[in-house]
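A short write-up of the structure that comes next.
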Amino acid sequence: MSSTDVAPDAPEAPEQSSLRSGGRRFGDTLFSTLSVGSGILIFVTLALVAIFLTAESMPAFRESKELAGIFGTADPAFSLIGGVAPYIFGTVLAALIALVIAIPVSIGIALFISHYAPRRMAAGLGYMIDLLAAVPSVVYGLWGGVWLVPRLEPLYVFLNQTLVWPSWVPLVPSGEAIIPLFAGDPTAPMRNLASAAVVLAVMILPIITAMAREVFLQVPRLQEEAALALGATRFEVVKTVVLPFGRSGVVAASMLGLGRALGETMAVLMILAPGATFSWHILEVGMHNTIAANIASKQAESSGADMSYLIYTGLVLFVLTFIINAIARWIVSRTTVKG
């Protein structure tokens, strides 16, 4: 061997190699264990909540006339279904109206931020949307009850008195509301289901907008440029490329907003004058209430069987939210496959 030749590196000691591989295996095992444990923790938490709600609802089950054949201790005046049904109706109706109001506005804002606004304006609007999502519910309730409701009263009066059938229309009573939702006798202050739904729409708007914006920003740039190269206008690009691509994301965002609207408590409690009917007249006061708002208003003064019944209504809301989320996942999967 000449003096200029370089001796090859000595092979790594087997002990050092085994220590490194052992450290990697330990890290992988630890990370895998923590990941699996975190996933299991979610299921355990849901199971514990369901068990608690079911166990604490048992006194209400025993007293209900629907389950008299099982427990044999029923109170003929106590009904599980009849008691909670008006609150289910009010909860679902308020959430659906809020969703109808919020979805078009959210999609429009998301499209403007992602495809039309200048970069600096888009960044500022995105920050404002994220900030709105962080506003506490009680603030929305104060804003809605003190500022928004009085300003909605002229609109409600217009809808109630103007959108009616004229006298020359046959087979319809003169003065009957064209849209049944706006029928009835609205009275001030307008602390009705419509006002609560408007505030709920404002609350879920940033959630839907933020998710839709992120989905629209993921549209492949090449597809948009190809559509423009074929002569499509900006509107046609949005209609044929952006919206079909983001359809599943918009559906998922809408269902997330629906879940938020179903479970909202403080804002509804601070705005809505409670009632327990199946009325479709959303402008009338004292006709509706939601499950969450009813629980919050009665929990402090309830005990014994009354508390058990409130917990039972919480179980109903838990199951209702679970079912809606399951339907949402099914819709998203179907939309993704078709897309």
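The letter at position 97 of the sequence shown is residue 97 when you use full-length UniProt numbering, and the numbering goes up by one with no holes. Note that CB positions come from ideal geometry on N, CA and C, so glycine has one too.
Inter-residue spacing [alpha-carbon to alpha-carbon] between residue i and residue j
{"i": "Ala232", "j": "Pro244", "result": "15 Å"}
{"i": "Ala276", "j": "Phe31", "result": "51 Å"}
{"i": "Pro150", "j": "Ala226", "result": "50 Å"}
{"i": "Ser333", "j": "Ser248", "result": "8 Å"}
{"i": "Phe43", "j": "Val92", "result": "26 Å"}
{"i": "Arg221", "j": "Ser106", "result": "22 Å"}
{"i": "Leu125", "j": "Gly108", "result": "13 Å"}
{"i": "Val100", "j": "Gly27", "result": "49 Å"}
{"i": "Gly184", "j": "Val36", "result": "55 Å"}
{"i": "Arg234", "j": "Gln223", "result": "13 Å"}
{"i": "residue 340", "j": "Ala229", "result": "The requested residue 340 does not occur in the structure, where the chain is confined to residues 1 to 339."}
{"i": "Leu41", "j": "Met307", "result": "28 Å"}
{"i": "Ile113", "j": "Val135", "result": "21 Å"}
{"i": "Gly145", "j": "Glu214", "result": "32 Å"}
{"i": "Met1", "j": "Arg25", "result": "With a pLDDT of only 48 at Met1, under 50, the local geometry of the prediction cannot be trusted, and the value read off the model is given with reservation. Cα to Cα, Met1 sits roughly 42 Å from Arg25."}
{"i": "Ile179", "j": "Trp280", "result": "10 Å"}
{"i": "Glu56", "j": "Gln299", "result": "14 Å"}
{"i": "Ala123", "j": "Leu80", "result": "50 Å"}
{"i": "Trp143", "j": "Leu131", "result": "16 Å"}
{"i": "Tyr156", "j": "Ala177", "result": "13 Å"}
{"i": "Pro189", "j": "Leu148", "result": "11 Å"}
Beta-carbon proximity list for residue i, same chain, < 6 Å, skipping 5 on both sides
{"i": "Ala328", "result": "Met255"}
{"i": "Gly286", "result": "Ala273, Gly275"}
{"i": "Ala253", "result": "Ile208, Met211, Ala212"}
{"i": "Ala110", "result": "Thr209, Ala212, Arg213, Phe216"}
Cβ distance (whole Å) where residue i is taken to contact residue j below 8 Å
{"i": "Ala212", "j": "Ile282", "result": "Their Cβ separation, rounded to whole angstroms, is 26 Å, which puts Ala212 and Ile282 out of contact at 8 Å."}
{"i": "Thr240", "j": "Ala94", "result": "Not really, about 35 Å apart at Cβ, beyond 8 Å."}
{"i": "Arg191", "j": "Leu96", "result": "The pair is not a contact, with the Cβ atoms about 20 Å apart (cut-off 8 Å)."}
{"i": "Leu258", "j": "Ile324", "result": "6 Å"}
{"i": "Ala261", "j": "Ile204", "result": "5 Å"}
{"i": "Thr265", "j": "Ser137", "result": "7 Å"}
Backbone secondary structure at residue i - three-state DSSP
{"i": "Ala192", "result": "In the sequence under discussion, the amino acid at residue 192 is Asn, which differs from the Ala named in the question. Here Asn192 sits in strand by DSSP."}
{"i": "Val135", "result": "coil"}
{"i": "residue 340", "result": "The first residue shown for the chain is 1 and the last is 339, placing residue 340 beyond what the model contains."}
{"i": "Ala273", "result": "coil"}
{"i": "Glu55", "result": "According to the sequence displayed, residue 55 carries Ala and not Glu. Helix."}
{"i": "Met1", "result": "Here Met1 scores only 48 on pLDDT, less than 50, and its place in the model should not be relied on; the value that follows carries that caveat. Met1 falls in the coil class under three-state DSSP."}
{"i": "Ala232", "result": "coil"}
{"i": "Ala197", "result": "helix"}
Test item: CB-CB of residue i and residue j under 9 Å
{"i": "Val316", "j": "Ile88", "result": "yes"}
{"i": "Glu284", "j": "Thr187", "result": "yes"}
{"i": "residue 346", "j": "His115", "result": "Because the chain here runs from 1 to 339, residue 346 falls outside it and cannot be looked at."}
{"i": "Ala201", "j": "Ala102", "result": "yes"}
{"i": "Val250", "j": "Val219", "result": "no"}
{"i": "Val198", "j": "Ala98", "result": "yes"}
{"i": "Thr313", "j": "Ile295", "result": "yes"}
{"i": "Gly83", "j": "Met270", "result": "no"}
{"i": "Tyr309", "j": "Ser302", "result": "yes"}
{"i": "Ala305", "j": "Ala60", "result": "yes"}
{"i": "Phe318", "j": "Leu53", "result": "yes"}
Sequence-distant residues of the same chain with beta carbon closer than 8 Å to residue i, five excluded per side
{"i": "Ala133", "result": "Pro206, Ile207, Ala210"}
{"i": "Pro154", "result": "none"}
{"i": "Val139", "result": "none"}
Residue i at chain D interface by Cβ criterion, 9 Å
{"i": "Thr240", "result": "Structure shown: chain D not included; a single protein chain is present."}
Cut-off 7 Å between Cβ atoms - residues of its own chain near residue i, not counting five sequence neighbours on either side
{"i": "Ile311", "result": "Leu53, Glu56, Ser57"}
{"i": "Phe182", "result": "Leu159, Asn160, Leu163, Leu283"}
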